[in-house]
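Remarks on the structure that follows.
There are 2 protein chains.
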Amino acid sequence: MHPMVNDDGTAKASKGPEAASARVAGDGEVRTRPRGRPRSFDRETALEKALLAFWEQGYEATSVSDLTRVMDIGAPSLYAAFGDKRSLFDEVVRVYGTRYGSFTDRALAEEPTARDAVERTLREAATAYTEPGHPHGCLVVHAAANCSNPEVEQSLRDRRNANIAAFESRIRADVAAGVLPPATDAAALARHTGAMIQGMSQQARDGASREELEAVAEIALSIWPRTGTRTG
Amino acid sequence: MHPMVNDDGTAKASKGPEAASARVAGDGEVRTRPRGRPRSFDRETALEKALLAFWEQGYEATSVSDLTRVMDIGAPSLYAAFGDKRSLFDEVVRVYGTRYGSFTDRALAEEPTARDAVERTLREAATAYTEPGHPHGCLVVHAAANCSNPEVEQSLRDRRNANIAAFESRIRADVAAGVLPPATDAAALARHTGAMIQGMSQQARDGASREELEAVAEIALSIWPRTGTRTG
DNA sequence: TCATTTCCCTAGCGATCGCTACAAAAATGA
DNA sequence: TCATTTTTGTAGCGATCGCTAGGGAAATGA
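These protein sequence lines map, in sequence, to chains V and A. Each residue of the first sequence is one higher than the one before, counting from 1 in this note's numbering. Each residue of the second sequence is one higher than the one before, counting from 1 in this note's numbering.
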């Protein structure tokens with residue numbers, strides 16, 4: 001696809017400067033350093049800078065010139081290490097998902113009920129979306145808004161809708177288990193949760209504080225029947 | 001500011017091809033047609049096309065080339081009639097506010113209680129944000145997202161926050177009147193409403209149907225105490 | 001008819017966009 | 001030392017961005 005992409009360019013994982021050339025067959029010593037001139041920058045550090053830029057400004061408003069400036073590398077280095085702008089953004093979204101955006105998945109996996117998962121998600125969203133040290137709000141919600149590239153826009157839309165679908169199936173499971181009433185509209189409840197998350201993210205971008213978002217979350221949580229199995 | 005802007009270019013209201021040259025002093029007859037070559041396009045029609053383009057793609061992703069194509073006029077005609085891209089967008093936002101986005105103001109002005117106003121707003125949002133014939137969601141919420149021009153982004157942010165502030169003062173009025181409990185957190189309740197509106201708008205952009213948004217609205221409304229003065 | 005006024009069309013301005021050709025620089029193994 | 005491999009910086013590609021100069025076209029009043 002791309003002519004000048006080296007081994008760890010568009011690869012899935014971000015491996016360091018290993019993957020050497022000289023391979024010692026069955027022995028353990030594969031400590032050989034790569035062949036040519038070594039990279040002058042740390043790939044993960046540069047990726048983190050790109051993440052913050054995309055998070056702040058969105059995919060399209062972040063130019064390659066912006067990226068090379070904040071990553072402190074030249075354009076050819078960027079293209080050699082990350083492919084093109086789109087590939088870099090995809091990798092940024094992956095890293096964002098594992099580093100910043102995984103509280104929803106954790107809540108769904110670890111909490112005993114759907115309500116508890118939603119409660120934890122909304123409360124953690126209030127914190128995460130206003131945390132100092134990085135842009136406010138959710139990258140997945142905002143970074144591909146008004147994007148001329150329909151594939152980029154669709155990829156984040158898919159993530160948002162998959163998130164809501166995960167809530168819905170979790171709610172359905174609680175309905176089947178008798179934790180929630182049989183008449184529960186799981187789809188609507190899940191979509192309501194998704195709308196709250198996205199609305200809170202927009203509020204965070206518009207300047208709302210953590211306390212203000214927490215108050216919003218409390219209100220949103222009051223719709224859930226308090227008949228859960230929680231001990232609290 | 002702009003050298004080649006005629007009388008009705010960047011003016012507040014969109015007046016037609018009047019504002020004639022020959023002025024009959026105190027008499028009523030000011031029917032004289034303008035002096036030079038008449039415009040070959042209808043200004044309001046072109047403005048509506050620009051509105052739909054900005055609504056669909058956002059401020060920055062809509063190029064002047066896009067605009068001249070959908071408005072079916074040349075670039076010099078656009079600049080002569082509307083100033084620059086920014087002025088055209090400002091006018092589009094004004095028209096959008098009066099034509100599509102005024103249901104919130106109407107609800108706040110016409111409904112007897114804050115709860116009724118929010119109820120009507122959320123229900124009408126479900127309809128308006130999924131209406132066929134124009135893009136889904138709210139222009140004010142989305143059109144300036146990820147905008148490189150901070151003034152444009154701020155102008156819509158101000159509108160969103162002013163909207164929430166209007167809800168808050170309406171809620172405070174009901175608290176003062178005894179319609180809502182004295183312990184009501186007006187700011188949080190207003191922000192919750194704003195987050196719901198923005199979340200529903202995002203949902204509409206992501207493909208949610210009117211029925212789905214109405215179900216979300218019903219859930220969101222269930223947080224309000226049903227002790228209103230409504231007869232229904 | 002004719003000067004005046006205003007609009008439209010062509011054509012192109014300088015700036016920026018994403019991206020890359022090219023050659024020097026810095027590491028390797030032999 | 002020297003050929004090989006990979007990265008780096010420079011410099012610039014074609015395309016598009018927002019915007020406008022300039023001259024002809026279409027209306028006016030005289």
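All residues carry an ideal CB built from backbone N, CA and C; glycine is no exception. Since the model is a prediction, treat every value here as computed from it, not as a measurement.
Original post:
Which residue from Ala165(V), Leu52(V), Ser87(V) puts its Cα closest to that of alanine 187(V)?
Top reply: For the purposes of this step, residue 187(V) is taken as the residue at position 187 of the first sequence. Comparing Cα positions, the closest option is Ala165(V).
Original post:
When we look at the beta-carbon of arginine 170(A) and count the other beta-carbons within 10 Å, is it buried (16 or more) or exposed?
Top reply: Start at 1 with the first residue of the second sequence, and residue 170(A) comes out as number 170. By the 10 Å Cβ count, arginine 170(A) comes out buried.
Original post:
What do you reckon, are the CB atoms on alanine 46(V) and leucine 122(V) nearer than 7 Å?
Top reply: Position 46 of the first sequence, counting from 1, holds the residue named residue 46(V). Position 122 of the first sequence, counting from 1, holds the residue named residue 122(V). Against a cut-off of 7 Å, the Cβ pair of leucine 122(V) and alanine 46(V) comes out as no contact.
Original post:
Just curious, the alpha helix (DSSP H) that alanine 109(A) is in, first and last residue?
Top reply: To locate residue 109(A), count along the second sequence from 1; it is residue 109. It spans 103-110 - the alpha helix (DSSP H) in which alanine 109(A) sits, taken as one unbroken run.
Original post:
Can you list, in chain order, the residues of the region 184-200 of chain A whose Cβ is nearer than 8 Å to any Cβ on chain V?
Top reply: Asp185, Ala187, Ala188, Leu189, Arg191, His192, Gly194, Ala195, Met196, Ile197, Gln198, Gly199, Met200
Original post:
With burial defined as no fewer than 16 other Cβ atoms inside 10 Å of the residue's Cβ, what is the status of serine 102(A): buried or exposed?
Top reply: Here residue 102(A) corresponds to residue number 102 of the second sequence, with the count starting at 1. Looking at its Cβ environment, which holds fewer than 16 other Cβ atoms inside 10 Å, serine 102(A) is exposed.
Original post:
On the premise that valine 95(A) lies in contact with phenylalanine 54(A), defined as a C-beta separation below 8 Å, what is that separation, rounded to the nearest angstrom?
Top reply: Indexing the second sequence from 1 puts residue 54(A) at position 54. Indexing the second sequence from 1 puts residue 95(A) at position 95. With 8 Å as the limit, phenylalanine 54(A) and valine 95(A) do not qualify as a contact, their Cβ atoms being about 10 Å apart.
Subject >> Interface residues of chain A facing valine 141(V) [CB-CB closer than 9 Å] >> reply: One-based indexing of the first sequence puts residue 141(V) at position 141. Chain A residues near valine 141(V): Gln202.
Subject >> valine 175(A) - DSSP class collapsed to helix/strand/coil >> reply: Translated into positions along the second sequence, residue 175(A) becomes position 175. Looking at valine 175(A) - three-state DSSP - the assignment turns out to be helix.
Subject >> Whole-angstrom distance between histidine 136(A) and arginine 205(A), CA atom to CA atom >> reply: As a working mapping, residue 205(A) is identified with position 205 in the second sequence. As a working mapping, residue 136(A) is identified with position 136 in the second sequence. Whole-angstrom Cα-Cα distance: 5 Å.
Original post:
Does arginine 86(V) get closer than 7 Å to chain A when you measure Cβ to Cβ?
Top reply: The residue labelled residue 86(V) in the question sits at position 86 within the first sequence. No - not a single Cβ of chain A is within 7 Å of the one on arginine 86(V).
Original post:
What are the uninterrupted segments assigned as alpha helix (DSSP H) that are 4 or more residues long and contained completely in the region 137-207 of chain V, given in chain order?
Top reply: 139-142, 150-176, 186-205
Original post:
For glutamate 56(A), which residues of its own chain have a beta-carbon under 7 Å away from its beta-carbon, when the five flanking residues on both sides are left out?
Top reply: Position 56 of the second sequence, counted from the first residue, corresponds to residue 56(A). Contacts found: Pro135.
Original post:
Can you name the residues of chain A whose CB is closer than 8 Å to the CB of aspartate 116(V)?
Top reply: The residue labelled residue 116(V) in the question sits at position 116 within the first sequence. Neighbours of aspartate 116(V) on chain A: none; closest Cβ ~18 Å, over 8 Å.
**OP:** Specify whether the region 183-200 of chain V and the region 109-129 of chain V touch according to this definition: at least 3 beta carbon pairs, one from each stretch, less than 8 Å apart.
**Re:** yes
Original post:
With a cut-off of 8 Å, do at least 3 Cβ pairs link the region 142-153 of chain V to the region 208-223 of chain V?
Top reply: no
**OP:** Count the CB pairs spanning the region 84-91 of chain A and the region 99-116 of chain A that are closer than 8 Å, and state whether there are at least three.
**Re:** no
**OP:** Could you spell out the range, first to last residue, of the alpha helix (DSSP H) harbouring arginine 120(A)?
**Re:** As a working note, residue 120(A) is residue 120 in the second sequence. That run of the alpha helix (DSSP H) goes 114-128.
Original post:
If we count the other Cβ atoms within 10 Å of its Cβ and call it buried at 16 or more, is glycine 58(A) buried or exposed?
Top reply: Locating residue 58(A) in the second sequence gives position 58, where the first residue counts as 1. Buried is the call here.
Subject >> CB contact below 7 Å: glutamate 212(V) versus chain A >> reply: Translated into the one-based positions of the first sequence, residue 212(V) becomes position 212. It does: the Cβ of glutamate 212(V) has a partner Cβ on chain A nearer than 7 Å.
Original post:
First and last residue of the alpha helix (DSSP H) that includes arginine 94(A)?
Top reply: In the second sequence, residue 94(A) corresponds to position 94, counting from 1. From DSSP, the alpha helix (DSSP H) with arginine 94(A) extends over 85-99.
Original post:
With burial defined as no fewer than 16 other Cβ atoms inside 10 Å of the residue's Cβ, what is the status of glutamate 119(V): buried or exposed?
Top reply: Taking the first sequence and counting its residues from 1, the one referred to as residue 119(V) is at position 119. It is buried - the Cβ of glutamate 119(V) has at least 16 other Cβ atoms within 10 Å.
**OP:** For valine 179(V), count neighbouring Cβ atoms within 10 angstroms of its own Cβ and tell me buried if that reaches 16, exposed if not.
**Re:** If you number the first sequence from 1, residue 179(V) lands on position 179. Counting Cβ neighbours within 10 Å, valine 179(V) comes out buried, since at least 16 surround it.
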